[in-house]
Amino acid sequence: MNFTPLLLLLTLALFAWYLSLLAGRLDRLHHRVETSWANLDGLLQRRAAIALEIARSDFADPASSLLLTFASHQAREASVKDRSQAESGLSGALAILRETSGAHSDLAVQDLFRELGELNAKIEVAVALHVESVNRTQLIRSKWIIRTFRLAGSAPLPVTYEFESDVL
């Protein structure tokens, strides 16, 4: 009895099973990237909203208020292509205001700056998770077997954004 066709069929079945496992892993990594980005985006939107509240308070002088309002709106409305520049601009505007935040006695403004500080800590963690997810997905996608058998399908290669390095 000739076992060669059966052995070949078994080998192909095992290889197909292995490719299926790799594709599932890659799908989970892509989902992780999307989830981490959604979390980070939500935190950044909240940061822009807090910045807008600070700009509308009596804390800032009119010029600083205008600058912060503009930076907040830019960060909230920026397209993916312009997001890095908008978030960096908001970070700069907040850094300027943060230097003078200790001198203000209004409890509402102090609460906003406290909330902003807590939010920045969450953003640091979210940025680290997003960058790690993107790096791991890029590493897996660079393997020859993933590229050869096109296991990523039509999913775009995940990327990190420039603002992630200076968002705080």
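Under my numbering, read the sequence shown as residues 1234 to 1401, first letter to last.
Idealized CB from N, CA, C, for every residue including glycine.
Being a predicted model, the structure only gives us computed values, none of them experimental.
Residue span of the alpha helix (DSSP H) that contains Tyr1394, given as start and end: As a working note, residue 1394 is residue 161 in the sequence shown. Tyr1394 -> no alpha helix (DSSP H), and no H or E assigned at all.
field: Expected contact under 8 Å - CB spacing of Leu1262 and Arg1369 to nearest Å
entry: On the sequence shown, position 29 is the one that residue 1262 refers to. On the sequence shown, position 136 is the one that residue 1369 refers to. At roughly 6 Å, the Cβ-Cβ gap stays under 8 Å, so Leu1262 and Arg1369 are in contact.
Three-way DSSP call (helix, strand, coil) for Asn1353 in this model: By 1-based counting over the sequence shown, the position of residue 1353 is 120. Note: Asn1353 maps to helix in three-state DSSP.
- request: Whole angstroms is fine: what's the gap from Ser1312's alpha carbon to Ser1324's?
  value: In the sequence shown, counting from the first residue as 1, residue 1312 sits at position 79. In the sequence shown, counting from the first residue as 1, residue 1324 sits at position 91. C-alpha separation (whole angstroms): 17 Å.
- prompt: Beta-carbon separation of Ser1305 and Ala1288 under 8 Å?
  reply: Position 72 of the sequence shown, counted from the start, is the residue given in the question as residue 1305. Position 55 of the sequence shown, counted from the start, is the residue given in the question as residue 1288. Closer than 8 Å, so yes.
message: Less than 8 Å between the C-beta atoms of Glu1365 and Ser1317, yes or no?
response: Taking the first residue of the sequence shown as position 1, residue 1365 is located at position 132. Taking the first residue of the sequence shown as position 1, residue 1317 is located at position 84. Contact flag unset, no.
message: Pop quiz: Leu1384 and Leu1259 are said to be a contact at Cβ under 8 Å. What is the actual Cβ separation, rounded to whole angstroms?
response: Here residue 1384 refers to the residue found at position 151 when the sequence shown is read from its first residue. Here residue 1259 refers to the residue found at position 26 when the sequence shown is read from its first residue. Confirmed, Cβ separation roughly 6 Å.
field: Alpha carbon of Trp1250 to alpha carbon of Leu1299, nearest angstrom
entry: Residue numbering aside, residue 1250 sits at position 17 when the sequence shown is read from its first letter. Residue numbering aside, residue 1299 sits at position 66 when the sequence shown is read from its first letter. Spanning the two alpha carbons is a distance of roughly 59 Å.
query: Buried or exposed: where does Leu1239 fall if 16 or more other Cβ atoms within 10 Å of its Cβ makes it buried?
result: Locating residue 1239 in the sequence shown gives position 6, where the first residue counts as 1. Exposed, because fewer than 16 other Cβ atoms sit within 10 Å of the Cβ of Leu1239.
task: Go to Ser1298, then tell me how far its alpha helix (DSSP H) extends in each direction, as first and last residue.
output: Reading the sequence shown from its first residue, position 65 is the one you call residue 1298. Ser1298 -> alpha helix (DSSP H) spans 1295-1310.
query: Is Glu1397 near His1363, with beta carbons less than 8 Å apart?
result: As a working mapping, residue 1397 is identified with position 164 in the sequence shown. As a working mapping, residue 1363 is identified with position 130 in the sequence shown. A contact, by the Cβ cut-off of 8 Å.
query: Are the CB atoms of Thr1302 and Leu1327 nearer to each other than 8 Å?
result: As a first step, residue 1302 is located in the sequence shown; it is residue number 69 there, counting from the start. As a first step, residue 1327 is located in the sequence shown; it is residue number 94 there, counting from the start. It is not a contact, given that the beta carbons lie outside the stated cut-off.
message: Considering only their Cβ atoms, is the gap separating Thr1393 from Val1358 smaller than 8 Å?
response: Looking up residue 1358 in the sequence shown gives position 125. Looking up residue 1393 in the sequence shown gives position 160. The answer is no: Cβ separation not under 8 Å.
- prompt: Whose CA, out of Ala1354, Ile1379, Ala1296, Gln1307, lies closest to the CA of Leu1273?
  reply: The residue given as residue 1273 occupies position 40 in the sequence shown. The shortest C-alpha separation from Leu1273 is found at Ala1354.
- prompt: Any idea if Arg1380 is buried or exposed, counting beta-carbon neighbours within 10 angstroms, 16 or more meaning buried?
  reply: For this step, residue 1380 is matched to residue 147 along the sequence shown. Exposed, by the Cβ-count rule.
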